[in-house]
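Let me begin by presenting the structure, written as structure tokens, before commenting on it.
Residue numbers (the working numbering): 35 to 294.
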């Protein structure tokens, strides 16, 4: 949470946490012992710390925590401030709530769940110089803006992995395609359908790459894979209207909250 470090603020925040979590209690901490006042980046640095905690399944300690605030109801709400690294309790969900309160009462809040809680194993990865899973798609589809081969060779499949034993659950995968014209988009869809069944690339890698690593042009289509196998050939839905991607001047407002 925010962890103002004030005699007035901390009891208010910890009481709210205690009432929310009930008798089971919770571990509480702050990023301030690590980095000091984060100002506008306080929430972001907290998120980074919490992601690392979830990945490593360790609740990190709070350094220099020696004298608890006597106004905080630690025993009543079963709240603990860890001062040593604690392995994640096996009977507790791998979840962290991050709150960043502004001085005037504004609050930014995010709830983080570990990838493992969704059945997705954590992988230690190392670069292997790129993948050649899509060598059959070297040519660029007319007006599409990107070759499928160039796109697919930049995804997660360009890494070797040493994964843990957690097996991914079956969940829908969204496949996104786009081009600069309707004709080119239809050609791209056809090429994709021909390529995938014979490809060694995984649907997970393909979905990630096409969704996150390429430009999304004005004419767009999508399909949904309902499992991780590339043997099926789903139907693509093509948007009836092109999506405008013209650059427009945007007004930007800077808000300085002064939160700690």
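Ideal placement from N, C-alpha and C gives every residue a C-beta, glycine not left out.
Please list, in chain order, all residues of the same chain as residue i whose beta carbon is under 8 Å from its beta carbon, the five residues on each side excluded.
i: residue 116; result: 61, 63, 93, 94, 95, 96
i: residue 119; result: 92, 93, 94, 95
i: residue 219; result: 178, 211, 212, 213, 253, 254, 255, 272
Around the Cβ of residue i, are there at least 16 other Cβ atoms within 10 angstroms (buried) or fewer (exposed)?
i: residue 211; result: buried
i: residue 40; result: exposed
i: residue 288; result: exposed
i: residue 48; result: buried
i: residue 207; result: buried
i: residue 277; result: exposed
Quick check: residue i and residue j, are their CB atoms within less than 8 Å of each other?
i: residue 146; j: residue 59; result: no
i: residue 121; j: residue 83; result: no
i: residue 17; j: residue 142; result: Outside the displayed range of the chain (35 to 294) lies residue 17, so it cannot be described from this structure.
i: residue 52; j: residue 107; result: yes
Could you tell me the alpha carbon to alpha carbon distance between residue i and residue j, rounded to whole angstroms?
i: residue 109; j: residue 87; result: 25 Å
i: residue 217; j: residue 286; result: 37 Å
i: residue 44; j: residue 85; result: 23 Å
i: residue 251; j: residue 209; result: 14 Å
i: residue 238; j: residue 148; result: 18 Å
i: residue 67; j: residue 130; result: 18 Å
i: residue 151; j: residue 268; result: 28 Å
i: residue 125; j: residue 261; result: 30 Å
i: residue 46; j: residue 231; result: 58 Å
Residues in its own chain within less than 7 Å of residue i by CB, not counting five upstream and five downstream?
i: residue 57; result: 112
i: residue 246; result: none
i: residue 144; result: 81, 132
i: residue 190; result: Here the model assigns residue 190 a pLDDT of 46, short of 50, so the residue's position is not dependable, and the following value carries that caveat. Within the same chain, residue 190 has close Cβ partners 239, 242.
Consult DSSP for residue i and reduce its assignment to one of helix, strand or coil.
i: residue 214; result: coil
i: residue 366; result: Past the boundaries of the shown model lies residue 366; the chain is included only from 35 to 294, so the question cannot be answered.
i: residue 207; result: strand
i: residue 98; result: coil
i: residue 50; result: helix
i: residue 118; result: coil
i: residue 259; result: strand
i: residue 142; result: strand
i: residue 254; result: strand
Which same chain residues end up closer than 6 Å to residue i when comparing Cβ atoms and leaving out the 5 residues on each side of it in sequence?
i: residue 72; result: 79
i: residue 270; result: 223, 255, 257
i: residue 227; result: 267
i: residue 65; result: 79, 80, 83
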